[in-house]
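Novice:
Residue numbers (my numbering): 2 to 539.
1) With C-beta atoms as the reference, is residue 121 less than 9 Å away from residue 103?
2) Under a three-way DSSP split, which group does residue 292 fall into?
3) Hey, residue 59 and residue 404 are a contact pair by Cβ (cut 8 Å); roughly how many whole angstroms apart?
4) Report yes if the CB atom of residue 81 is closer than 9 Å to the CB atom of residue 30, and no otherwise.
5) Kindly list the residues whose CB is nearer than 8 Å to the CB of residue 23, restricted to its own chain and excluding five residues on each side of it in sequence; keep chain order.
6) In the structure shown, what three-state DSSP assignment does residue 312 receive?
7) On a CA-only basis, which of 199, 234, 225 is nearest residue 208? Give me that one, please.
8) Report the residue from 210, 424, 509, 260 whose alpha carbon sits nearest the alpha carbon of residue 328.
9) I'd like to know whether the C-beta atoms of residue 310 and residue 294 end up nearer to each other than 9 Å.
10) So for residue 280, helix, strand or coil by DSSP?
11) Does any CB atom of chain C fall closer than 9 Å to the CB of residue 352?
12) Quick one: measure Cβ to Cβ for residue 397 and residue 377, integer angstroms, because I've assumed they're closer than 8 Å.
13) By the DSSP assignment, the alpha helix (DSSP H) with residue 472 in it spans what residues?
14) With C-beta atoms as the reference, is residue 465 less than 9 Å away from residue 386?
15) Are the stretch 442-456 and the stretch 416-429 touching, with three or more C-beta to C-beta distances below 8 Å?
16) What's the gap between the Cα of residue 198 and the Cα of residue 249?
17) Using 9 Å as the threshold, is the C-beta distance between residue 65 and residue 243 below it?
18) Just curious, the alpha helix (DSSP H) that residue 123 is in, first and last residue?
19) In chain order, which continuous runs of the beta strand (DSSP E) of length 3 or greater are located wholly inside the stretch 392-422?
20) Just checking my contact of residue 71 with residue 13 at CB under 8 Å: how many whole Å lie between their CB atoms?
21) Ends of the alpha helix (DSSP H) at residue 504?
22) At 4 residues or longer, what runs of the alpha helix (DSSP H) sit wholly inside the stretch 54-122?
23) Based on the DSSP output, what are the partners of residue 8 in its beta bridges?
24) Among the residues of its own chain, which have a CB less than 6 Å from the CB of residue 514, if the five just before and after it don't count?
25) Taking Cβ positions, are residue 357 and residue 528 nearer each other than 9 Å?
26) Straight-line CA distance for residue 532 to residue 263?
27) Go to residue 350, then tell me how far its beta strand (DSSP E) extends in each direction, as first and last residue.
28) If you pair each beta-carbon of the stretch 263-273 with each one of the stretch 286-305, do three or more pairs fall below 8 Å?
29) Residues bridged to residue 365 by DSSP?
30) Residue range of the beta strand (DSSP E) that residue 24 falls in?
31) Quick one: what does DSSP say residue 14 is sitting in, helix, strand or coil?
32) Where do the N-terminal and C-terminal ends of the alpha helix (DSSP H) with residue 152 fall, by residue?
33) Within 10 angstroms of the Cβ of residue 201, are there 16 or more other Cβ atoms? Answer buried if so, exposed if not.
34) Any contact between the stretch 424-437 and the stretch 481-499? By contact I mean 3 or more CB pairs, one from each, below 8 Å.
35) What is the DSSP secondary structure of residue 33, counted as helix, strand or coil?
36) Could you check the C-alpha separation between residue 368 and residue 38 for me, to the nearest Å?
Quick look at the structure:
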């Protein structure tokens with residue numbers, strides 16, 4: 002359809018509507034004022050003004066992860082664009098489709114020493130698949146359409162810079178074609194040999210392990226069938242928590258600094274579904290690794306023995322059909338024993354009512370009170386390892402940064418979950434250091450009446466870094482934090498909150514927070530306990 006007398010700003014919004022984009026995150030600024038003005042003159046595309054551009058980018062990233070739709074964020078030129086980088090990196094490395102649109106200085110000032118000018122394409126290129134500058138109104142729709150198609154089809158980040166004076170220019174003969182988007186993943190014949198060789202490797206394995214780094218709850222039957230055929234225990238990577246219920250008899254939780262199963266070093270073959278960038282450092286070097294991914298770019302060539310690319314669910318079905326049941330009873334007994342050991346460890350922590358509150362006790366208490374249909378968004382920090390072991394996810398949706406792992410993304414990510422799935426309760430699990438980095442987004446939660454529950458694991462330290470430094474014989478310099486009363490801060494913003502210092506208060510306050518219609522911060526004072534399997538490095 003061709004339309005006359007429409008500005009670049011209006012054309013962008015119409016293009017968004019036509020392609021199902023109804024949510025945009027961002028911060029206003031000089032170089033995008035005409036575009037924000039146009040957003041404010043209509044209601045079909047909702048604009049969420051965040052406190053900081055990094056929050057907008059994190060919200061776009063997690064909106065995409067949770068919904069499968071493209072996330073869109075906008076920012077002004079220069080510092081606004083630069084502030085997007087952290088959240089865009091999260092999306093880029095986790096393969097979340099995100100489109101970033103930033104303003105730029107006037108066309109006549111490009112390449113000069115003008116205020117807030119920088120080559121934004123160079124700035125963004127390391128965290129995006131494409132970054133384009135549009136200088137002619139006639140090209141805006143074709144460039145943005147290309148960026149949208151690439152972002153969705155290749156599960157990546159794309160970026161378009163638009164000079165501020167271009168937003169008000171008329172688009173000559175604005176054409177709005179329907180954009181057909183298909184997933185780029187292909188399972189071609191060149192992977193047939195890898196499939197056959199993988200079947201042989203799995204069939205000969207005596208001590209197999211199934212590691213889930215990607216998936217959906219709808220895959221549970223396929224995953225269970227495959228694990229049972231292999232006679233394998235199941236490990237959930239942090240970003241896959243909730244894909245399988247932790248109480249399933251074959252699931253041995255996650256692995257990491259808080260817990261390592263006794264049998265791990267005996268594993269001779271690992272079938273990895275997706276990626277597990279954090280967990281790989283704990284694997285035995287002698288184990289053969291078969292990786293199933295939906296895109297060749299996701300293959301870990303430093304790790305794998307065989308890689309198969311395509312429809313991962315379909316590949317798992319084919320593997321199940323071709324494998325003969327060949328269980329090693331001794332290995333099965335070890336899996337059962339380890340499951341019992343883990344359950345005993347968790348049972349002990351349920352009763353661990355020490356003061357300050359042990360982080361494992363915090364996680365087991367969360368397990369009692371959080372609704373099974375809730376969305377849980379984890380920031381990065383030492384607490385996530387306790388969560389990985391001691392929180393037993395069932396039907397919960399758990400969202401984690403699997404690769405970039407920036408602190409500070411948890412709160413804005415949780416706000417995007419509140420927007421994307423309004424009918425579900427959303428909990429942000431954050432550390433004190435991470436919350437300090439993005440606490441301004443509480444104002445965003447208040448502005449848009451997003452009833453997020455923020456549970457802060459507060460030990461007044463970067464405790465993970467402190468432990469790593471001490472384990473390497475280093476002085477834990479720079480690891481202590483000065484933190485506010487986060488509960489009082491929530492109230493100052495217009496929300497609700499309580500500080501919890503004693504174990505007997507914890508369940509009561511958590512239940513209260515879940516019934517609140519306002520943003521609520523539960524500031525839990527936890528012990529500075531070290532992780533039992535702490536390792537240095539990345």
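We treat Cβ as the ideally placed atom computed from N, Cα and C, and that holds for glycine.
Specialist: On the basis of the data shown:
1) Locating residue 121 in the chain shown gives position 120, where the first residue counts as 1. Locating residue 103 in the chain shown gives position 102, where the first residue counts as 1. Yes; because the gap between Cβ atoms is below 9 Å, this pair is in contact.
2) Locating residue 292 in the chain shown gives position 291, counting from the first residue. Strand at residue 292.
3) Reading the chain shown from its first residue, position 58 is the one you call residue 59. Reading the chain shown from its first residue, position 403 is the one you call residue 404. 14 Å between Cβ atoms; not a contact.
4) Looking up residue 81 in the chain shown gives position 80. Looking up residue 30 in the chain shown gives position 29. The Cβ atoms of residue 81 and residue 30 sit closer than 9 Å to each other.
5) Walking along the chain shown from the start, residue 23 turns up at place 22. Correct list, in chain order: 17, 45, 46, 47.
6) Working through the chain shown from its first residue, we reach residue 312 at position 311. DSSP places residue 312 outside both helix and strand once states are collapsed to three, so it counts as coil.
7) The residue you call residue 208 lines up with position 207 of the chain shown. Comparing Cα positions, the closest option is 234.
8) The residue given as residue 328 occupies position 327 in the chain shown. Of the candidates 210, 424, 509, 260, the one whose C-alpha sits nearest the C-alpha of residue 328 is 210.
9) As a position in the chain shown, residue 310 is number 309, starting the count at 1. As a position in the chain shown, residue 294 is number 293, starting the count at 1. Result yes, Cβ atoms of residue 310 and residue 294 sit closer than 9 Å.
10) Position 279 of the chain shown, counting from 1, holds the residue named residue 280. Three-state DSSP puts residue 280 in a helix.
11) In summary, chain C is missing from the structure at hand, where a single protein chain is found.
12) By 1-based counting over the chain shown, the position of residue 397 is 396. By 1-based counting over the chain shown, the position of residue 377 is 376. Contact flag correct, Cβ pair sits at about 6 Å.
13) The residue labelled residue 472 in the question sits at position 471 within the chain shown. Judged by DSSP secondary structure, residue 472 falls within the alpha helix (DSSP H) whose first and last residues are 464-472.
14) Counting from 1 along the chain shown, the entry for residue 465 is found at position 464. Counting from 1 along the chain shown, the entry for residue 386 is found at position 385. Contact annotation: residue 465 and residue 386 have beta-carbon atoms nearer than 9 Å.
15) Result yes; three or more Cβ-Cβ pairs closer than 8 Å.
16) Locating residue 198 in the chain shown gives position 197, counting from the first residue. Locating residue 249 in the chain shown gives position 248, counting from the first residue. Inter-residue distance for residue 198 and residue 249 is about 29 Å (C-alpha atoms, whole angstroms).
17) Position 64 of the chain shown, counting from 1, holds the residue named residue 65. Position 242 of the chain shown, counting from 1, holds the residue named residue 243. Against a cut-off of 9 Å, the Cβ pair of residue 243 and residue 65 comes out as no contact.
18) Taking the chain shown and counting its residues from 1, one reaches residue 123 at position 122. Element bounds for residue 123: 121-125.
19) Those beta strand (DSSP E) runs which fall completely within the stretch 392-422 and span 3+ residues are 398-401.
20) One-based indexing of the chain shown puts residue 71 at position 70. One-based indexing of the chain shown puts residue 13 at position 12. Residue 71 to residue 13, Cβ: 14 Å. No contact.
21) As a first step, residue 504 is located in the chain shown; it is residue number 503 there, counting from the start. First-last of the alpha helix (DSSP H) with residue 504: 504-515.
22) Taking only runs of at least 4 residues, the alpha helix (DSSP H) segments lying wholly in the stretch 54-122 are 54-68, 80-94.
23) Position 7 of the chain shown holds residue 8. In the DSSP output, where bridge partners are listed per residue, residue 8 has 171.
24) Here residue 514 corresponds to residue number 513 of the chain shown, with the count starting at 1. Setting aside the 5 residues that flank it on each side, residue 514 is surrounded in the same chain by 454, 521, 523, each with a C-beta closer than 6 Å to its C-beta; the list follows chain order.
25) Here residue 357 corresponds to residue number 356 of the chain shown, with the count starting at 1. Here residue 528 corresponds to residue number 527 of the chain shown, with the count starting at 1. In this structure, residue 528 lies closer than 9 Å to residue 357 by Cβ.
26) Indexing the chain shown from 1 puts residue 532 at position 531. Indexing the chain shown from 1 puts residue 263 at position 262. Straight-line spacing of the CA atoms in residue 532 and residue 263 works out to 17 Å.
27) In the chain shown, residue 350 corresponds to position 349, counting from 1. Per DSSP, residue 350 belongs to no beta strand (DSSP E); it is in the alpha helix (DSSP H), 330-351.
28) Put simply, the stretch 263-273 touches the stretch 286-305. At least three CB pairs are less than 8 Å apart.
29) Counted from its first residue, the chain shown places residue 365 at position 364. Residue 365 is not bridged to any residue.
30) On the chain shown, residue 24 is found 23 positions in, with the first residue counted as 1. First-last of the beta strand (DSSP E) with residue 24: 24-27.
31) As a position in the chain shown, residue 14 is number 13, starting the count at 1. The answer is helix: DSSP assigns residue 14 an H, G or I state.
32) Taking the first residue of the chain shown as 1, we reach residue 152 at position 151. Counting along the chain, the alpha helix (DSSP H) containing residue 152 begins and ends at 141-154.
33) Within the chain shown, the letter at position 200 stands for residue 201. Classification of residue 201: exposed, given that the 10 Å Cβ count is below 16.
34) The way I'd put it, the stretch 424-437 does touch the stretch 481-499; three or more beta-carbon pairs between them come closer than 8 Å.
35) For the purposes of this step, residue 33 is identified with residue 32 of the chain shown, where counting begins at 1. Reduced to three states, the DSSP call for residue 33 is helix.
36) Working through the chain shown from its first residue, we reach residue 368 at position 367. Working through the chain shown from its first residue, we reach residue 38 at position 37. If you take the alpha carbons of residue 368 and residue 38, they lie about 45 Å apart.
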